[in-house]
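Novice:
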Amino acid sequence: GECELEMDTIAAVATPMGEGGIAVIRVSGPESLEIVDRIYKGKQPLMTVDSHTIHYGFLIDPKTDERVEEVLVSVMRAPRTFTREDVVEVNCHGGIISVQRVLDLILENGARLAEPGEFTKRAFLNGRIDLSQAEAVIDLIRAKTDRAMKAALSQVEGKLSRMIRDLRQNLLEAMAHIEVTLDYPEHDVESVTNQLLLGKCQEVNQQIARMLDTAKQGKILREGLATAIVGRPNVGKSSLLNSLVQEEKAIVTDVAGTTRDVIEEFVNVRGVPLRLIDTAGIRETEDIVEQIGVERSRQTLQQADLILLVLNYNEPLQPDDRSIFAAVSGMNVIIIINKFDLPQRIDLEEVKRHFPNQPVIMTSVKEEKGIELLERAIADIFFTGRVQQEDLTYVSNARHVNLLRQSQQAIADAIEGIEQRMPVDMIQIDIKKAWELLGEVIGESVGEDLIDQIFSQFCLGK
Ligand code: GDP
Ligand code: ZN
């Protein structure tokens, strides 16, 4: 029973497990007040308190009458809640044992453990949020930098939804004009309609193109810029990595409760998450090139969006440097010439000849010089193109990108039809198709399977 309309009452821990401070256990559904009242002792029963109020008290195990926990309980009645159901949130001390005990008590007294994403799914099914917003909640949970988080938040707040709705409104108006043409063929409105349609379709087309432009950035924000630090042994790769990782910038993600079990290392450079490839190789056994040979490291390099190539200012270029040059040619490379504090022995002209269009940054990791410049060069790579730093509505979700591409194609077909003076009812078909595809972004006209698939990606309790 995936989508039962008769909702039962669900509960789960809503804060990350195992982190200190306060934990929140969220209960949602028609019986949530009743269930928590069975185990709560405070000034007055929760059934009698006002909505959106917080109450101090204790949880009691009704079987033993034993005091289990000191708690603060928030009561929020439907419909002004995240799920649009009655919601009770129990705030307790964050230790794993006490959190588990409180959750068990709530489950023993009538609630069911929420499936991953079930709270958000209810918010969606109850019309509180649309599908793109629900998906943004997933992104929010996985966000690796503040910027990624803000981008996801702006989607949760419905910025993308509003853009999609505006586009659909435009298309709807276009379709209305077509209806008029079809209803009154005797009037000579067709040429007027054609002009109007062309204008609207071109406008929608440009908007979609602009949104698709943000997709690359959005993907990077979600997944990190796959980055490889390469160079001969001893040029300073580990030192550089450590200096980037410093200043509490490294985030090791091990997303709790998801199926992903690899631990990846992320470095946050001015809001751009770098996903470091083969970091273990750099950290423990020195560089990839040395360890696995140029051929295999070439394959590793293929996966990289960005190469940080480290050279030694204090040594002449060597055959190994040149074979790395060949391996990374044509890729997105930032050249880092390290050990700038020592006398020059490198031939800079030769480096620049190999990489005429790539940034060359001089650093001394030892003296902490040039790191700022490097960070700026990395951020520049991310922020090229039309996307402004403040424009946080990145389209990042692969499903959305795909739907936008398809609707762009449908609009292009419509434009071609208009230009070739096709009958308007043919053009209508393309416009309607684009309108429907855009609707799928926000979850209008999507099947139950897709909904289940999307919501199964969630962590528990969200
Ligand atoms: P890797 O083999 O490329 O990872 O190089 P490491 O980071 O292990 O550094 C090799 C040696 O170079 C270490 O002794 C570092 O302290 C030293 N080193 C790293 N960066 C600099 C620098 O900017 N200037 C100087 N003088 N030494 C550096
Ligand atoms: Zn090293």
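Each residue of the sequence shown is one higher than the last, beginning at 6 in UniProt numbering. Glycine is no exception: its CB is placed at the ideal position from the N, C-alpha and C atoms.
If you count every other CB in all the chains shown that lies within 10 Å of the CB of T88, and 16 or more means buried, which is it?
Specialist: Translated into the one-based positions of the sequence shown, residue 88 becomes position 83. T88 is buried by the Cβ-count criterion.
Novice: Alpha carbon to alpha carbon, what distance is there between S79 and E70?
Specialist: Along the sequence shown, read from residue 1 onward, the residue named residue 70 stands at position 65. Along the sequence shown, read from residue 1 onward, the residue named residue 79 stands at position 74. It should be pointed out that residue 70 corresponds to Asp in this sequence rather than to Glu. D70 and S79 have their C-alpha atoms spaced approximately 23 Å apart.
Novice: Cα separation between residue 468 and D218?
Specialist: This structure leaves residue 468 out entirely; the chain is present only between 6 and 467.
Novice: Can you have a look at H405 and say buried or exposed, based on whether 16 or more other CB atoms are within 10 angstroms of its CB?
Specialist: Taking the sequence shown and counting its residues from 1, the one referred to as residue 405 is at position 400. It counts as buried.
Novice: Cutting at 8 Å between CB atoms, please list the residues of its own chain near R117, excluding the five before and the five after it.
Specialist: Residue numbering aside, residue 117 sits at position 112 when the sequence shown is read from its first letter. Cβ within range, chain order: D13, T14, I15, A16.
Novice: Just how far apart, CA to CA, sit S56 and R85?
Specialist: As a first step, residue 56 is located in the sequence shown; it is residue number 51 there, counting from the start. As a first step, residue 85 is located in the sequence shown; it is residue number 80 there, counting from the start. Taking the straight line joining both Cα atoms gives about 9 Å.
Novice: Quick test of the definition: if touching needs 3 or more C-beta pairs under 8 Å, does the stretch 175–185 touch the stretch 155–163?
Specialist: no
Novice: Going by DSSP, which residues form a beta bridge with D66?
Specialist: Taking the sequence shown and counting its residues from 1, the one referred to as residue 66 is at position 61. Paired residue(s): E71.
Novice: Whose C-beta lies closer than 6 Å to the C-beta of E424 among residues of the same chain, with five residues either side of it excluded?
Specialist: In the sequence shown, counting from the first residue as 1, residue 424 sits at position 419. Cβ neighbours of E424 beyond the five flanking positions: none.
Novice: CB of N343 to nearest heavy atom of the ligand GDP: below 7 Å?
Specialist: For this step, residue 343 is matched to residue 338 along the sequence shown. Checking every heavy atom of the ligand GDP against the Cβ of N343, one is found closer than 7 Å.
Novice: Determine the direct distance from the alpha carbon of E228 to that of V142, and round the result to whole angstroms.
Specialist: Mapped onto the sequence shown, residue 142 falls at position 137. Mapped onto the sequence shown, residue 228 falls at position 223. Going from the Cα of V142 to the Cα of E228 covers about 15 Å.
Novice: Can you tell me which of S401, V429, D430 puts its alpha carbon nearest to the alpha carbon of V446?
Specialist: Start at 1 with the first residue of the sequence shown, and residue 446 comes out as number 441. Considering only alpha carbons, the answer is S401.
Novice: In this structure, does DSSP put A181 in helix, strand or coil?
Specialist: Translated into positions along the sequence shown, residue 181 becomes position 176. Annotated three-state conformation of A181 is helix, per DSSP.
Novice: Should I111 be labelled buried (16 or more other beta-carbon atoms within 10 Å of its own) or exposed?
Specialist: The residue labelled residue 111 in the question sits at position 106 within the sequence shown. With 16 or more other Cβ atoms within 10 Å, it is buried.
Novice: Run through the stretch 96–179 for me and flag every whole alpha helix (DSSP H) of 4 or more residues, listed as ranges in chain order.
Specialist: 101–113, 123–130, 136–147, 151–161
Novice: Would you give the residue range spanned by the alpha helix (DSSP H) that L246 belongs to?
Specialist: Taking the sequence shown and counting its residues from 1, one reaches residue 246 at position 241. 242–250 is the span of the alpha helix (DSSP H), which, as asked, contains L246.
Novice: Please report how far the alpha carbon of G236 lies from the alpha carbon of V250, in whole angstroms.
Specialist: The sequence position of residue 236 within the sequence shown is 231, counting from 1. The sequence position of residue 250 within the sequence shown is 245, counting from 1. Computed Cα separation, rounded: 18 Å.
Novice: Identify whether P84 lies in helix, strand or coil by the three-state DSSP scheme.
Specialist: Sequence index remark: in the sequence shown, residue 84 carries index 79 (1-based). For P84, the secondary structure class from DSSP, reduced to helix, strand or coil, is coil.
Novice: Roughly how many whole angstroms lie between the Cα atoms of G422 and N199?
Specialist: Translated into positions along the sequence shown, residue 422 becomes position 417. Translated into positions along the sequence shown, residue 199 becomes position 194. Cα-Cα distance, rounded: 10 Å.
Novice: Any idea what DSSP makes of S33, helix, strand or coil?
Specialist: Counting from 1 along the sequence shown, the entry for residue 33 is found at position 28. The answer is strand: DSSP assigns S33 an E or B state.
Novice: How long is the line joining the alpha carbons of G448 and L409, rounded to whole angstroms?
Specialist: Translated into positions along the sequence shown, residue 448 becomes position 443. Translated into positions along the sequence shown, residue 409 becomes position 404. Approximately 13 Å between the Cα atoms of the pair.
Novice: Suppose you measure from the CA of I420 to the CA of T186; what does that come to, to the nearest Å?
Specialist: For the purposes of this step, residue 420 is taken as the residue at position 415 of the sequence shown. For the purposes of this step, residue 186 is taken as the residue at position 181 of the sequence shown. If I take the Cα positions, the gap works out to 17 Å.
Novice: Is DSSP giving K438 helix, strand or coil here?
Specialist: Here residue 438 corresponds to residue number 433 of the sequence shown, with the count starting at 1. Here K438 sits in helix by DSSP.
Novice: Going by beta-carbon coordinates alone, are H182 and L202 separated by less than 8 Å?
Specialist: As a first step, residue 182 must be located in the sequence shown, where it is residue number 177. As a first step, residue 202 must be located in the sequence shown, where it is residue number 197. Result yes, Cβ atoms of H182 and L202 sit closer than 8 Å.
Novice: Using beta-carbon positions only, say whether G132 and Y399 come within less than 8 Å of one another.
Specialist: Here residue 132 refers to the residue found at position 127 of the sequence shown. Here residue 399 refers to the residue found at position 394 of the sequence shown. Not in contact: G132 and Y399 (Cβ atoms no closer than 8 Å).
Novice: G47 by DSSP, collapsed to three states: which one?
Specialist: The count along the sequence shown starts at 1 and reaches residue 47 at position 42. Taken through DSSP and simplified to helix, strand or coil, G47 comes out as strand.
Novice: Alpha carbon to alpha carbon, what distance is there between A153 and W440?
Specialist: One-based indexing of the sequence shown puts residue 440 at position 435. One-based indexing of the sequence shown puts residue 153 at position 148. Rounded to the nearest angstrom, the two C-alpha atoms are 29 Å apart.
Novice: Kindly indicate which residue of I434, V370, S412 has the alpha-carbon position closest to the one of L443.
Specialist: Your numbering for residue 443 matches position 438 in the sequence shown. For L443, the closest alpha carbon among the candidates I434, V370, S412 is that of S412.
Novice: Does I447 come out as helix, strand or coil in the three-state DSSP assignment?
Specialist: Taking the sequence shown and counting its residues from 1, the one referred to as residue 447 is at position 442. I447 falls in the coil class under three-state DSSP.
Novice: Let me make sure I understand the geometry here. Which of Q138, C206, S243 has the alpha-carbon closest to that of C438?
Specialist: Numbered from 1 along the sequence shown, position 433 holds the residue referred to as residue 438. Here residue 438 turns out to be Lys, not Cys, going by the sequence shown. It is C206 whose Cα lies nearest to the Cα of K438.
Novice: If we ignore side chains and look at the alpha-carbon of each, how far apart do V333 and I312 end up?
Specialist: Reading the sequence shown from its first residue, position 328 is the one you call residue 333. Reading the sequence shown from its first residue, position 307 is the one you call residue 312. Looking at the two C-alpha atoms, the distance is approximately 8 Å.
Novice: Would you please state the rounded distance, in angstroms, between the beta carbons of L130 and L145? I believe it to be under 8 Å.
Specialist: Your numbering for residue 130 matches position 125 in the sequence shown. Your numbering for residue 145 matches position 140 in the sequence shown. Contact doesn't hold; Cβ gap of about 19 Å is too wide.
Novice: Which whole-angstrom value is the C-beta distance of E355 and L378, which I expect to be below 8 Å?
Specialist: Taking the sequence shown and counting its residues from 1, the one referred to as residue 355 is at position 350. Taking the sequence shown and counting its residues from 1, the one referred to as residue 378 is at position 373. Not a contact, Cβ separation roughly 21 Å.
Novice: Quick one, are the C-beta atoms of E120 and C97 less than 8 Å apart?
Specialist: Counting from one through the sequence shown, the residue named residue 120 turns up at place 115. Counting from one through the sequence shown, the residue named residue 97 turns up at place 92. No, the Cβ-Cβ distance between E120 and C97 is not below 8 Å.
Novice: Should V95 be flagged as near chain C, meaning a C-beta pair shorter than 8 Å?
Specialist: The displayed structure is made up of one protein chain only, and chain C is not part of it.
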